[in-house]
Amino acid sequence: MNLIRLDIMAIVYLSVAVFKTNSDDNFFRRDETDRGDRSINSIDYRELFSLNRLEGQRHRRSFQGDVYETDNVLSDSGFFSPGRSSRPVKAVDNRKPLFVNCEGYAPSVDEEREPGTYVIQVNATDPDDHQTISYSFVTAPGERSKFRIDKNTGQITTIHRFDRDEPIREKEVYITVRATDDGLPNLDDVCTFKVTIKDINDNPPVFDKSRYDEPITKDAKVGFKVATISATDLDDGDNSIIKYEILRKYNDYSY
């Protein structure tokens, strides 16, 4: 019995030709009265492959395992020659990398920080062995990125000085990163998350007037309302809380 051995990739679509049996004189035994009406039959106990009887092309049905052997019989209207083919199944890259912690990414950066400030390090894993993952940003055409990502480590840093306050109001920025493996074909996964720009106390309060002139009668009683002053602060949160006090020019407590 003759043995054929060939490798089959782990991803082969149904009814795709796997190999074509060589039915010439050098491979199968033929008698001298061969009339040319040969046919090939497959004895496949697992029924994992199908065989084109006249052309000798073997097609995959479905399989799970490492090595499969099938028996083939070449006949020419009376005489036949058996053959056996052995097929190791090779694993290939058929699974994409995954950002397993994407939903947990919630980085923040203080405004006014110098470019190069660390933001976060993203990480994707690939279920396939020996795959190298590279990282990149997904951006719109013409979009100017405000961050840099290390393609090998996934570490993200700033290349822009953010300003949370008026008039720019950079309070948050959304980033989409892509992880791509080096298999054939390349497979990838994307992850989108928000970077919060945190406020710092970098704006002083400002009065709504540079000078207040309010009249008061000389017989005004204690507790008389003289004026209402107001100031605003462009910072947010606790940094925008304003407290008022009088700076006394004289220590006679007249006001």
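With mature numbering (1 follows the signal peptide of the UniProt record, and there is no 0) applied, the sequence shown covers -23 to -1, 1 to 232.
We put the CB at the ideal spot given by N, CA and C, even for glycine.
Query: Backbone CA spacing between lysine 175 and proline 192 [nearest angstrom]; Result: 43 Å
Query: Cβ contact (3+ pairs, closer than 8 Å) linking the stretch 150 to 161 and the stretch 184 to 199; Result: no
Query: Phenylalanine 124 versus glutamate 80: straight-line alpha-carbon distance, rounded; Result: 20 Å
Query: Beta-carbon proximity of serine 207 to aspartate 179, cut-off 8 Å; Result: no
Query: N- and C-terminal bounds of the beta strand (DSSP E) containing arginine 155; Result: 149 to 157
Query: Same chain only: Cβ atoms within 8 Å of glutamine 108, ignoring 5 sequence neighbours per side; Result: Asp70, Pro74, Asp158, Asp159, Gly160
Query: Where aspartate 87 falls: helix, strand or coil (DSSP); Result: strand
Query: Through-space distance from histidine 137 to arginine 121, alpha-carbon basis; Result: 10 Å
Query: Beta-carbon proximity list for lysine 128, same chain, < 8 Å, skipping 5 on both sides; Result: Ser111, Tyr112, Ser113
Query: Paired residues, beta bridge with phenylalanine 114 - DSSP; Result: Val154
Query: Distance between beta carbons of valine 172 and valine 154, contact taken as under 8 Å; Result: About 11 Å separates the two Cβ atoms, so there is no contact after all.
Query: Which residues DSSP lists as bridging threonine 134, in chain order; Result: Tyr95, Arg125
Query: Close beta carbons around glycine 131, own chain, < 6 Å, minus the five adjacent residues each side; Result: Gln98, Val99, Asn100, Tyr112
Query: Test item: CB-CB of proline 92 and threonine 135 under 8 Å; Result: yes
Query: Aspartate 87 versus phenylalanine 76 - alpha carbon distance; Result: 26 Å
Query: Environment of valine 96 [buried if 16+ CB atoms lie within 10 Å]; Result: buried
Query: Distance CB(proline 182)-CB(threonine 209) smaller than 8 Å; Result: yes
Query: Local Cβ density within 10 Å of tyrosine 227, reported as buried at 16 or more and exposed below that; Result: exposed
Query: Whether arginine 146 touches aspartate 213 by CB criterion (8 Å); Result: no
Query: CA-to-CA distance, tyrosine 151 to arginine 188, given in whole angstroms; Result: 43 Å
Query: Exposed unless 16 or more other CB atoms sit within 10 angstroms - verdict on tyrosine 221; Result: exposed
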